[in-house]
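Novice: The numbering of the sequence shown is our numbering, which starts it at 1 and goes up by one.
We put the beta carbon where it would ideally sit given N, CA and C, even for glycine.
The structure presented is a predicted model; accordingly, all values stated were derived computationally and were not measured.
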Amino acid sequence: MSKLSNAASRDVETLIHPYTNLATFRDTGPMVLERGKGVYVWDDQGKRYIEGMAGLWCTALGYGNEELVEAASAQMGKLAFTHLFGGKSHDMAIELAEKIKELSPAPASKIFFTNSGSEANDTQIKLLWYFNNARGKPEKKKIISRQKAYHGVTVASASLTGLPIVQNDFDLPIERILHTDCPHHYRFAQDGETEEEFATRLAANLEDMILQEGPETVAAFIAEPIMGAGGVIVPPATYFAKIQQVCRKYDVYMISDEVICGFGRLGDWFGCETYDFTPDSISFAKALTSGYVPMGGLTVPEDMYQAMLDQSRKLGGFGHGYTYTGHPVAAATALKAIEIYEREDIPAHVRALTPLFQSRLKALEDHPLVGEARGAGLVGGVELVADKASKRAFEPQHLVGAACAKAGEANGVIVRAIGDTLAICPPLIITREEVDALFDGIQAALEATEVHVAKKNLRV
Ligand SMILES: Cc1ncc(COP(=O)(O)O)c(C=O)c1O
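Written out as structure tokens, the structure reads:
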């Protein structure tokens with residue numbers, strides 16, 4: 001461990017890191033970040049990086065935003081904590097719920113706040129089960145998610161997540177959670193199948209699944225508008241229109257998980273607006289507070305709220321909620337973030353930068369390592385392959401994606417390797433010059449990775 005810095009050695013001996021190979025990490029140690037400003041962060045060696053992941057799809061307003069700091073600090077001074085249990089309340093939670101109702105693309109009667117995206121999706125499941133018991137449909141409990149979906153890591157939300165690493169040996173998924181097709185045209189379309197035909201096939205498969213299970217047993221379908229942590233997967237044309245039709249036909253409640261896409265990432269306030277579907281509910285987190293303070297939540301439609309009222313009459317109360325539901329400091333920060341998104345018209349800024357971002361992204365497909373460069377708004381995914389013509393992937397143990405992300409860091413950009421796909425999602429306040437610098441760094445990382453792949457003969 002002697003080659004690690006002091007902070008790195010202390011880290012290795014004390015922390016469990018999420019989504020990290022804990023075995024190799026003992027040798028590599030952490031990247032310790034110290035401060036940030038705008039789209040930049042600095043590590044403990046003083047090296048500067050463009051944060052091309054906005055943390056983890058969080059810091060839409062970048063780092064060091066004084067207005068957010070001031071809003072959080074003022075609320076801490078005024079009323080650092082109170083809760084919403086047993087009818088207690090405070091003005092920040094009320095105001096934030098009003099604001100989200102106003103913005104919500106789903107018909108929202110009420111808002112329930114959580115501390116994270118996982119808890120938001122966990123609560124979605126609990127409320128659906130509660131709702132369907134209340135409305136006399138106790139059989140209607142199954143939730144359909146998708147392979148490669150990412151909806152979180154609690155016992156229930158990890159069951160929705162469609163990634164083996166999140167479930168293997170954790171004894172997941174739980175019962176009554178199903179997974180339908182991943183809508184990745186590049187990987188899963190049949191030979192010659194257009195995006196529209198692929199979407200039609202997937203919607204038909206969903207319908208078959210519902211019919212096979214029995215529509216009276218299927219409560220909901222949950223989807224991210226763009227799948228993020230499963231590999232940055234953009235839906236094929238007409239996909240959500242066709243999926244929505246199937247859900248409506250069988251009274252299947254549709255949840256849009258907006259944890260990544262919400263608050264402007266794709267150029268609209270919410271991703272379901274970009275893909276033109278109207279869910280029954282949305283889950284949100286991350287950019288809600290620009291990642292400055294943990295907070296998430298979900299919308300509750302009127303019929304579900306009415307059923308919850310009945311449940312309270314029957315059971316004596318609503319038995320769900322977190323100590324920090326609607327936390328005043330988080331709510332004050334979220335309100336300020338939304339005020340800035342509106343004042344600066346961040347969705348319009350994203351739309352203005354999208355052509356440059358997406359053209360620089362698409363141009364990466366000219367590189368011999370890049371099988372597909374895909375994205376929308378300020379989201380990009382760059383899938384590295386061993387052979388472009390056959391789309392053959394590298395052997396996973398060669399860790400080519402991780403090597404490329406590492407080369408990005410050497411070139412002053414932080415991106416995330418999801419297997420061999422690089423995820424890119426910078427703060428939404430990024431400028432044109434910074435977009436160019438980000439892609440220059442990624443281009444340089446690809447060149448370095450090509451040398452590495454050739455030297456180690458990793459294509460065979
Ligand atoms: C779409 C989506 N849903 C849910 C989550 C889980 O959120 P959290 O990590 O805040 O629990 C994530 C996290 O990346 C996400 O991307």
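Since Lys99 is in the alpha helix (DSSP H), which residue starts that stretch and which ends it?
Specialist: First-last of the alpha helix (DSSP H) with Lys99: 91–103.
Novice: At a threshold of 8 Å, does Ala334 count as lining ligand 1 (C-beta to nearest heavy atom)?
Specialist: False, no ligand heavy atom lies under 8 Å from that Cβ.
Novice: Rounding to the nearest angstrom, what Cα-Cα distance links Leu256 and Lys242 in this structure?
Specialist: The question names Leu, but residue 256 is Ser in the sequence shown. Cα-Cα distance, rounded: 15 Å.
Novice: Expressed to the nearest angstrom, what Euclidean distance is found between the alpha-carbon atoms of Gln45 and Gly52?
Specialist: Each residue's Cα considered, the two are about 19 Å apart.
Novice: Here's the rule: buried if 16 or more other CB atoms are within 10 angstroms of the residue's CB, otherwise exposed. What is Leu127?
Specialist: Looking at its Cβ environment, which holds 16 or more other Cβ atoms inside 10 Å, Leu127 is buried.
Novice: Just to check my reading of the structure: Val329 and Met31 have Cβ atoms closer than 8 Å, yes? What is that Cβ distance to the nearest angstrom?
Specialist: With a Cβ gap of about 28 Å, Val329 and Met31 do not count as contacting.
Novice: Is the stretch 247–254 in contact with the stretch 330–341, if contact means three or more CB pairs nearer than 8 Å?
Specialist: The stretch 247–254, when compared against the stretch 330–341, does not touch it at the 8 Å Cβ threshold.
Novice: DSSP three-state label for Thr217, please.
Specialist: Of the three classes helix, strand and coil, the one that applies to Thr217 here is helix, per DSSP.
Novice: What is the rounded straight-line gap between the Cα of Gly136 and the Cα of Arg313?
Specialist: Each residue's Cα considered, the two are about 15 Å apart.
Novice: Assign Met1 to one of two classes, buried (16 or more other C-beta atoms within 10 Å of its C-beta) or exposed (fewer than that).
Specialist: Residue confidence is low: Met1 scores 41 on pLDDT, short of 50, so the model does not pin down where it sits. Its coordinate-derived value is still stated next. Answer is exposed; the Cβ neighbour count stays below 16.
Novice: Does the stretch 371–390 come close enough to the stretch 231–238 that 3 or more CB-CB pairs lie under 8 Å?
Specialist: Taking 8 Å as the limit for Cβ pairs, the verdict is that the stretch 371–390 does touch the stretch 231–238.
Novice: I'd like the list of long-range same chain contacts for Phe188, defined as Cβ closer than 8 Å, with 5 residues on each side in sequence excluded.
Specialist: Closer than 8 Å at the Cβ level, and outside the excluded window around Phe188, lie Asp181, Cys182, Phe198.
Novice: DSSP state of Gly296, grouped into three classes?
Specialist: Reduced to three states, the DSSP call for Gly296 is strand.
Novice: Let me make sure I understand the geometry here. Which of Gly55, Met295, Glu409 has the alpha-carbon closest to that of Lys37?
Specialist: Lys37 has its Cα closest to that of Gly55, out of Gly55, Met295, Glu409.
Novice: Starting from Arg35, follow the beta strand (DSSP E) in both directions and report where the run begins and ends.
Specialist: Note, Arg35: beta strand (DSSP E), 33–37.
Novice: When DSSP builds the beta bridges, which residues end up paired with Tyr49?
Specialist: Answer is Val41.
Novice: At a cut-off of 8 Å, is Ala229 close to ligand 1 when judged by its beta-carbon and the heavy atoms of the ligand?
Specialist: Within the cutoff, so yes.
Novice: Under the criterion of a Cβ to heavy atom distance below 8 Å, does Ser116 qualify as lining ligand 1?
Specialist: The answer is yes for Ser116.
Novice: List in chain order: all unbroken alpha helix (DSSP H) runs of 4+ residues lying wholly within the stretch 432–457.
Specialist: Correct list: 432–456.
Novice: Where in the stretch 308–391 do unbroken runs of the beta strand (DSSP E), each at least 3 residues long, occur, reported from the N-terminal end onward?
Specialist: Those beta strand (DSSP E) runs which fall completely within the stretch 308–391 and span 3+ residues are 370–376, 379–384.
Novice: Compute every distance between the C-beta of Tyr150 and the non-hydrogen atoms of ligand 1, then say whether any falls below 8 Å.
Specialist: Yes, the Cβ of Tyr150 comes within 8 Å of a heavy atom of ligand 1.
Novice: Phe85: buried (16+ other C-beta within 10 angstroms of its C-beta) or exposed?
Specialist: Per the 10 Å Cβ criterion, exposed.
Novice: Counting beta carbon pairs with one atom in the stretch 399–409 and one in the stretch 437–449, are three or more of them shorter than 8 Å?
Specialist: Yes: the two stretches touch, three or more of their Cβ pairs being nearer than 8 Å.
Novice: Can Lys132 and Leu298 be called in contact, C-beta distance under 9 Å?
Specialist: Note that residue 132 is Asn in the sequence shown here, rather than Lys. No; because the gap between Cβ atoms is not below 9 Å, this pair is not in contact.
Novice: What residue does the beta strand (DSSP E) around Met254 start on, and which one ends it?
Specialist: 253–257 is the span of the beta strand (DSSP E), which, as asked, contains Met254.
Novice: Taking only runs that begin and end inside the stretch 231–287, name each unbroken alpha helix (DSSP H) of 4 or more residues, in chain order.
Specialist: Correct list: 239–249, 271–274.
Novice: Check whether the Cβ of Glu51 lies closer than 8 Å to any heavy atom of ligand 1, and answer yes or no.
Specialist: Because no heavy atom of ligand 1 lies under 8 Å away, the Cβ of Glu51 does not count as near it: no.
Novice: Quick one: give me the first and last residue of the alpha helix (DSSP H) that Thr123 is part of.
Specialist: Segment 117–134, the alpha helix (DSSP H) holding Thr123.
Novice: Say yes only if the C-beta of Val259 is nearer than 8 Å to one or more non-hydrogen atoms of ligand 1, and no if none qualify.
Specialist: Yes, the Cβ of Val259 comes within 8 Å of a heavy atom of ligand 1.
Novice: For Thr194, collect the residues of the same chain with a Cβ closer than 7 Å to its Cβ; drop the 5 residues on either side in sequence, then sort them by chain order.
Specialist: If we look at Thr194 and ignore the five residues flanking it on each side, it has no Cβ neighbours.
Novice: Short of 6 Å in beta carbon distance, which residues of its chain neighbour Phe221, apart from the five on each side in sequence? Order them along the chain.
Specialist: Within the same chain, Phe221 has close Cβ partners Ile144, Cys247, Val252, Met254.
Novice: Taking Cβ to Cβ, would you say Arg432 is nearer than 9 Å to Leu353?
Specialist: Yes.
Novice: Identify the continuous alpha helix (DSSP H) that holds Arg26 and give its terminal residues.
Specialist: First-last of the alpha helix (DSSP H) with Arg26: 22–28.
Novice: Give a yes or no on contact between the stretch 377–385 and the stretch 417–428, applying the rule of three or more CB pairs nearer than 8 Å.
Specialist: Taking 8 Å as the limit for Cβ pairs, the verdict is that the stretch 417–428 does touch the stretch 377–385.
Novice: Straight-line CA distance for Leu517 to Leu364?
Specialist: The structure shown does not extend to residue 517, since the chain is modelled only from 1 to 460, so the question has no answer here.
Novice: Could you pull the start and end residues of the alpha helix (DSSP H) that His151 belongs to?
Specialist: Looking at the DSSP string, His151 is not in any alpha helix (DSSP H), and its letter there is neither H nor E.
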